[in-house]
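Report on the structure given below.
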Amino acid sequence: MNNRTWHLFLYIFLVVLMLFSLIYTVSIGATDLPFEEVYEVLIDHVFHSDARLNAGDFEMSHFKIIWQIRLPRTLFALFVGAGLSLCGAAMQALVLNPIADPYVLGVSSGASAGAAIALLAPIAFLEGQHQTTAFAFIGAMCSAFAVYILAKRAGGGKLQPVTLLLSGTAVNAVMSAITSYLVFKARSPEGIAAVYNWQMGAISAAQWRTLSIPAVIVTLGLVVFTVMGSRFNMIMMGDDDAAAMGLRVRLFRSVMFVVCSIVVGSLVSITGIIGFVGLVVPHVVRLFSRTSDNKVIMPMSALFGASYIMWADAFARSAHGAAELPLGIVTSFIGAPFFMYLMIKNGYGGSKG
Amino acid sequence: MKLSFEGVEVKLGGREILTGATMQSHEGKMVGIIGANGSGKSTLVKTVFGIVHYHGGNILLDGKNIRSFSPKELASRIGYVGQDQSVAFDFSVRDVVGMGLFARKNVKNGKALVNEALESLGIERFADRSIQKLSGGERKMAFIARALVQGSDMFIMDEPTNHLDIHHQLFVMDYLKNCGKTTLIVIHDLRLAAHYCDYLYMLADGKVYAEGAPIDVLTQENVEHVFRIGGYAGKTKKGVLDFYIFEEESEGDIHKHTN
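Chains as they are written, first to last, in the numbering used here: chain A, 35 to 387; chain B, 23 to 281.
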């Protein structure tokens with residue numbers, strides 16, 4: 035089978051997998067519902083304006099679980115998975131490191147610090163959860179900005195892979211220290227627990243009305259990164275080669291860095307830290323698609339990442355009975371060993387060629 | 023198409039690498055840049071693409087400041103293959119060669135252009151293999167094919183024969199010599215330089231120390247000054263230009279080939 039046919043097959047498979055996962059994982063949770071019922075309820079609600087529900091074919095409580103709780107949550111999982119995976123693929127290209135993940139930007143630790151301020155400071159600007167999200171987003175953007183400026187300074191005006199990685203590490207350290215300090219100074223055990231919980235990453239807070247912003251941002255990210263696919267390919271060959279092939283390397287890296295920060299920031303500020311998704315998914319996709327071509331890797335990563343997180347979240351909410359497992363723990367348990375495997379298999383300690 | 027460097031100065035990390043290098047490409051000819059390690063050969067060609075910035079002097083392409091061209095315009099005029107061959111990601115050779123298409127406007131027959139380039143370098147047999155799994159020499163050939171796909175009239179190559187076995191060294195040099203493009207190559211191998219280049223620039227202390235036809239540049243005095251060895255270019259019995267180095271203790275009557 036040539037690559038083009040294989041890719042077409044993979045696209046079809048991934049789209050079907052995503053649609054199936056979307057409906058199937060809605061049936062999974064503390065209250066298990068049959069797959070057929072979920073399917074019928076959704077069809078009834080979307081296409082027949084609740085005709086059968088009103089006729090009493092389904093229980094109202096089931097409808098509420100499906101439509102008001104699980105579906106927005108599952109859709110949110112879809113966008114979180116797609117967004118983190120996309121940004122993982124993009125960051126790996128931008129820092130020229132196949133084992134980078136979107137959090138090398140410092141976005142996650144910045145978001146944590148922001149969330150900690152919101153959760154622990156005795157001030158309220160916005161109602162409850164919105165304050166945490168807003169502060170986390172501001173924190174994410176601040177730390178991404180700090181990484182950007184620092185990397186540029188250290189690289190003599192250029193945004194270079196190595197300085198970008200190092201700046202990310204440095205800013206991460208500062209942001210983590212801020213979070214730890216806030217936790218240390220905090221008086222209320224509830225507040226501390228809230229910060230801790232937030233950091234473990236969860237998407238249980240999803241609702242229809244909070245879904246639109248991440249959905250729009252992730253979709254835009256998908257379009258931008260896919261359209262820029264061939265440029266991402268060029269930058270993967272190294273800065274010198276990319277420049278000689280006609281790419282405006284600095285401008286491209288700067289703009290894509292900003293896009294990445296916004297996408298990851300908008301997700302992480304709502305979900306907390308969901309680790310290893312952006313690292314693992316593009317890798318798996320490269321392995322199966324047998325290419326590194328970003329025109330293919332970007333959309334496939336989004337599709338596969340979407341399914342992956344829908345299932346991971348279904349597992350998180352069902353594995354421990356009524357008490358939900360934080361999603362971040364699930365993804366780390368899956369992702370970290372995979373990361374170790376990749377490290378050993380590819381021998382990253384050796385030469386790069 | 024003419025590329026000229028006029029008194030180009032480059033400082034890197036406070037160190038003066040180039041202190042006023044002046045040279046020109048020669049239409050349809052192969053111009054070689056030679057010099058000891060660290061003499062600034064690679065640095066000089068990198069200034070063309072803005073990979074390295076120059077602080078003084080001028081670089082002109084057809085009389086226009088090189089920085090007035092966009093990177094893409096430049097790539098459509100000059101194909102470049104650098105020394106660095108490491109690739110962090112797993113692309114097929116075909117993908118890598120296809121990246122050269124970015125420099126072109128309105129590509130309709132991209133696939134054909136890529137195949138053409140692969141064939142003319144005789145590397146179509148590993149077109150679908152991973153670039154990471156190729157030998158250094160095979161990789162070099164792939165990068166040259168990529169530069170070819172850019173469709174430029176000029177080539178700048180930084181040590182094109184590096185990593186190649188002797189057969190492929192000659193193949194690549196013959197190829198570059200006969201491809202009809204204006205070529206600027208950085209080259210360490212003085213035998214190949216003597217044999218193939220139409221004109222040589224010898225760099226020392228950040229500027230051009232000597233220039234001219236290989237036989238006039240690779241003189242005993244110049245070679246001794248720049249490389250601190252005894253050697254010179256001379257004609258073989260068949261009238262072909264070659265480069266000879268002396269045995270250590272001797273005074274030039276016995277000579278031996280490099281390599």
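Even for Gly, the Cβ is constructed at its ideal location relative to N, Cα and C.
Given the structure is predicted, the values throughout are model-derived calculations rather than measurements.
Whose Cβ in chain B lies nearer than 8 Å to the Cβ of residue i?
i	result
Ala277/A	Phe71, Gly72, Ile73 and Pro93
Asp274/A	Lys68, Phe71, Ile73, Gly104 and Asp106
Is it buried or exposed, residue i, if we count other Cβ atoms within 10 angstroms and call 16 or more buried?
i	result
Thr39/A	exposed
Ala240/A	buried
Ala89/A	exposed
Val80/A	exposed
Thr166/A	buried
Gln102/A	exposed
His279/B	Because His279/B sits at a pLDDT of 48, beneath the cut-off of 50, its placement in the model cannot be relied upon, and the point is left open.
Arg351/A	buried
Gly383/A	Any reading at Gly383/A must be qualified, since the residue scores a pLDDT of 44, below 50, and its modelled position is unreliable; the value itself is stated next. When all chains shown are included, Gly383/A counts as exposed.
Trp345/A	buried
His354/A	exposed
Asp275/B	A caution first: Asp275/B carries a pLDDT of 47, below 50, which makes its placement in the model too unreliable to give a value.
Arg116/B	buried
Val49/A	exposed
Asp91/A	exposed
Arg147/B	exposed
Met262/A	buried
Ile77/A	exposed
Gly228/B	buried
Arg213/B	buried
Leu256/A	buried
Asn244/B	buried
Phe54/A	exposed
Less than 8 Å between the CB atoms is what I'm expecting for residue i and residue j, so what's the real figure, rounded?
i	j	result
Met45/B	Asp220/B	Wrong, their Cβ atoms sit about 13 Å apart, outside the cutoff.
Val118/B	Arg168/B	6 Å
Cys294/A	Ala111/A	The Cβ separation is near 20 Å, so there is no contact.
Val109/B	Met271/A	6 Å
Gly140/A	Val114/A	Not really, about 19 Å apart at Cβ, beyond 8 Å.
Ala22/A	Gly306/A	A question about residue 22/A goes unanswered here, because the residues of chain A that appear run from 35 up to 387.
Ser323/A	His41/A	6 Å
Ala185/A	Thr197/A	4 Å
At a CB-CB cut-off below 7 Å, which residues of chain A make contact with residue i?
i	result
Tyr102/B	Ala278
Ala97/B	Ala278, Met279 and Gly280
Report the neighbours of residue i on chain A: residues whose CB is nearer than 9 Å to its CB, in chain order.
i	result
Phe111/B	Gln126, Ala127, Leu130, Pro132, Asn267, Met270, Met271, Arg320 and Ser326
Ser114/B	Asn37, Arg324, Thr325, Ser326 and Asp327
Asp227/B	Ordered by position in chain A, no residue passes the 9 Å Cβ test against Asp227/B, which lies about 25 Å from the chain.
Asp187/B	Chain A residues near Asp187/B: none, gap ~18 Å exceeds 9 Å.
Report the option in the options whose CA atom is closest to the CA atom of residue i.
i	options	result
Leu245/A	Ser288/A, Thr203/A and Ser300/A	Ser300/A
Ala72/A	Ser83/A, Tyr58/A, Ala350/A and Ile247/A	Reading the sequence as shown, one finds Val at residue 72/A and not Ala. Checking every option, the nearest Cα to that of Val72/A belongs to Tyr58/A.
Leu313/A	Gly339/A, Val297/A, Ile296/A and Ser323/A	Gly339/A
Asp264/B	Glu243/B, Gln242/B and Ile237/B	Ile237/B
Val297/A	Thr108/A, Pro106/A, Tyr230/A and Phe171/A	Phe171/A
Ile100/B	Ser114/B, Val32/B, Leu82/B and Gln242/B	Leu82/B
Gly309/A	Phe291/A, Gly63/A and Cys121/A	Cys121/A
Ala216/B	Thr204/B, Glu28/B, Lys199/B and Val230/B	Lys199/B
Val217/A	Gln233/A, Phe266/A, Val205/A and Gly202/A	Gln233/A
Arg243/A	Arg107/A, Phe367/A and Ile368/A	Arg107/A
Val70/B	Ile56/B, Phe91/B and Val230/B	Phe91/B
Tyr45/A	Ser288/A, Met332/A and Leu361/A	Met332/A
Met163/B	Ile145/B, Lys155/B and Gly79/B	Ile145/B
Just to make sure I have the definition right: I need the residues of chain A whose C-beta is within less than 8 Å of the C-beta of residue i. Which are they?
i	result
Gly122/B	Met279
Ala255/B	Those do not exist, as Ala255/B stays about 31 Å from chain A at its closest Cβ, beyond 8 Å.
Asp117/B	Asn267, Thr325, Ser326 and Asp327
List, in chain order, every chain B residue whose beta-carbon is nearer than 9 Å to that of residue i.
i	result
Arg38/A	Going along chain B, no residue has its Cβ under 9 Å from Arg38/A, so there is no contact; the nearest lies around 11 Å.
Ser264/A	Gly120, Met121, Leu123 and Phe124
Asp135/A	Those within 9 Å of Asp135/A in chain B number zero; the least Cβ separation is about 15 Å.
Give the interface partners of residue i over in chain B, defined as CB-CB distance under 7 Å, in chain order.
i	result
Arg282/A	Pro93
Less than 7 Å separating the Cβ of residue i from some heavy atom of the ligand MN?
i	result
Arg284/A	Inclusion of the ligand MN in the displayed structure is not the case, the ligand content being empty and no account of it being possible.
Are the stretch 179-193 of chain B and the stretch 204-211 of chain B touching by the rule of at least three beta carbon pairs closer than 8 Å? yes
Is there contact here, the stretch 318-336 of chain A with the stretch 171-190 of chain A, by at least three beta-carbon pairs under 8 Å? no
So does the stretch 363-379 of chain A actually touch the stretch 56-76 of chain B, counting three or more Cβ pairs closer than 8 Å? no
Determine, using beta-carbon pairs with one atom in the stretch 112-127 of chain B and one in the stretch 160-175 of chain B, whether at least three such pairs fall under 8 Å. yes
Say whether the stretch 151-160 of chain B touches the stretch 131-140 of chain B, bearing in mind that this needs 3 or more beta-carbon pairs closer than 8 Å, one atom from each stretch. no
Should the stretch 135-154 of chain A be called in touch with the stretch 268-275 of chain A, which here means at least 3 C-beta pairs below 8 Å? no
Measuring CB atoms only, is the stretch 31-51 of chain B touching the stretch 187-194 of chain B, in the sense that at least three cross pairs come out at less than 8 Å? no
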